[in-house]
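Step one of this worksheet: look at the structure below.
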Amino acid sequence: MEIVLVLLIGILYASGIFMLLRRSMVKLLIGLTLLGNGANLLIFLLGRITKGKPPVIDTAAKLFTDVYADPVPQALILTAIVISFGLQAFAIVLLKRVYVLVNSDDLDDLNTPEEEDI
């Protein structure tokens, strides 16, 4: 299972970087999304996948004696998902506004001054 996740993380990182290097703003946003998902899976994998019980200590017990799931990576991933959703929503609105003004999603068109401005 971990090998499959490692391969999936590698594919997400590789495709995310490939999309970041494209000239389209939409592909740039998709690349950022893929990189974020790859990072979330990496945090999940580093937190060790355990098929255990939730990390709740019984009132009579002083220590964990059984296998339990670590809640910290899960909380980090949940926070990262919420933040990336907000970033993606803002970026989509920003991309729409840029497309309305420039009539293109090519990043080179943003850097090239128009002939009237020269």
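Under numbering that gives the first Met the number 0, the residue at position 22 of the sequence shown is numbered 21, and the numbers go up by one with no gaps. Heads up, the beta-carbon is just placed ideally off N, CA and C, and yes, glycines get one too.
Candidates the options: closest to residue i by CA position
i      : options                       : result
Arg21  : Asp105, Asp65 and Asn110      : Asp105
Ile48  : Val3, Ile8 and Ala68          : Ala68
Asp108 : Leu11, Ile16, Ser23 and Ala13 : Ser23
Thr41  : Gly85, Val5, Gln87 and Ile16  : First, the residue type needs correcting, since residue 41 is Leu and not Thr in the sequence shown. That would be Val5, whose Cα lies nearest to the Cα of Leu41.
Arg96  : Val25, Leu19 and Phe17        : Val25
Within 9 Å, strictly: CB atoms of residue i and residue j
i     : j     : result
Ile76 : Asn39 : yes
Gln73 : Phe43 : yes
Beta-carbon separation (whole angstroms), residue i vs residue j, contact threshold 8 Å
i     : j     : result
Leu28 : Ala90 : 5 Å
Val71 : Gly37 : Val71 to Gly37, Cβ: 19 Å. No contact.
Asp65 : Lys52 : 6 Å
Cutoff 7 Å; reference residue i; Cβ partners in own chain excluding five residues on either side
i     : result
Tyr98 : Asp104
6 Å Cβ shell around residue i - same chain, five flanking residues per side excluded
i     : result
Ser14 : Leu33
Met18 : Lys26, Ile29 and Gly30
Leu94 : Met24
8 Å Cβ shell around residue i - same chain, five flanking residues per side excluded
i      : result
Val101 : Asp108 and Leu109
How about the segment 23-40 and the segment 5-14: do they share at least three Cβ pairs that are nearer than 8 Å?
-> With the cut-off at 8 Å, the segment 23-40 and the segment 5-14 touch.
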